[in-house]
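Working notes, structure below.
Residue numbers (this note's numbering): 15 to 124.
Written out as structure tokens, the structure is:
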């Protein structure tokens, strides 16, 4: 995924989180950045407002994970094992697509 908006989102996230751009990619999730629960909501609302992305009357709140990753996620990080990714996580790719379309448009997969 390489387009102008991809570069814009990568730069934005790099600045917001103090992470080198080279460490970020399309499949970096918000949880990879250390966000969960209300932190995800706060970040999304700030992102939507900054880039003037339409989000009212969309399902963006369905993608907000509960606070804390649970014991499984904690143990997994302790033992340095990857947690199985969910299609319902929010990835940088989703933010780029939203910027492209100027609207949140990720579909919840049940």
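Ideal Cβ positions, reconstructed from N, Cα and C, are used throughout, including at glycine. Keep in mind that this is a model prediction, so the values were computed, not measured.
Separation of residue 43 from residue 37, as counted between CA atoms: The residue you call residue 37 lines up with position 23 of the chain shown. The residue you call residue 43 lines up with position 29 of the chain shown. Their Cα atoms are separated by approximately 12 Å.
Close-in-space but distant-in-sequence residues of the same chain around residue 41 (CB under 6 Å, 5 per side omitted): What you label residue 41 is simply residue 27 of the chain shown in a count that begins at 1. Correct list, in chain order: 105.
Under 9 Å between C-beta atoms of residue 78 and residue 117: In the chain shown, the residue the question calls residue 78 occupies position 64. In the chain shown, the residue the question calls residue 117 occupies position 103. Cβ distance not < 9 Å, so residue 78 and residue 117 don't count as in contact.
Nearest-angstrom beta carbon gap, residue 30 and residue 51 [assumed within contact, 8 Å]: By 1-based counting over the chain shown, the position of residue 51 is 37. By 1-based counting over the chain shown, the position of residue 30 is 16. Actually they do not touch by this definition, with Cβ atoms about 17 Å apart.
Buried versus exposed call for residue 18 [16 or more other C-beta atoms within 10 Å across all chains shown]: Walking along the chain shown from the start, residue 18 turns up at place 4. Residue 18 is exposed by the Cβ-count criterion.
Pair within 9 Å by beta-carbon distance, residue 45 and residue 103: Taking the chain shown and counting its residues from 1, one reaches residue 45 at position 31. Taking the chain shown and counting its residues from 1, one reaches residue 103 at position 89. Yes, the Cβ-Cβ distance between residue 45 and residue 103 is below 9 Å.
Which residues DSSP lists as bridging residue 124, in chain order: By 1-based counting over the chain shown, the position of residue 124 is 110. In the DSSP output, where bridge partners are listed per residue, residue 124 has none listed.
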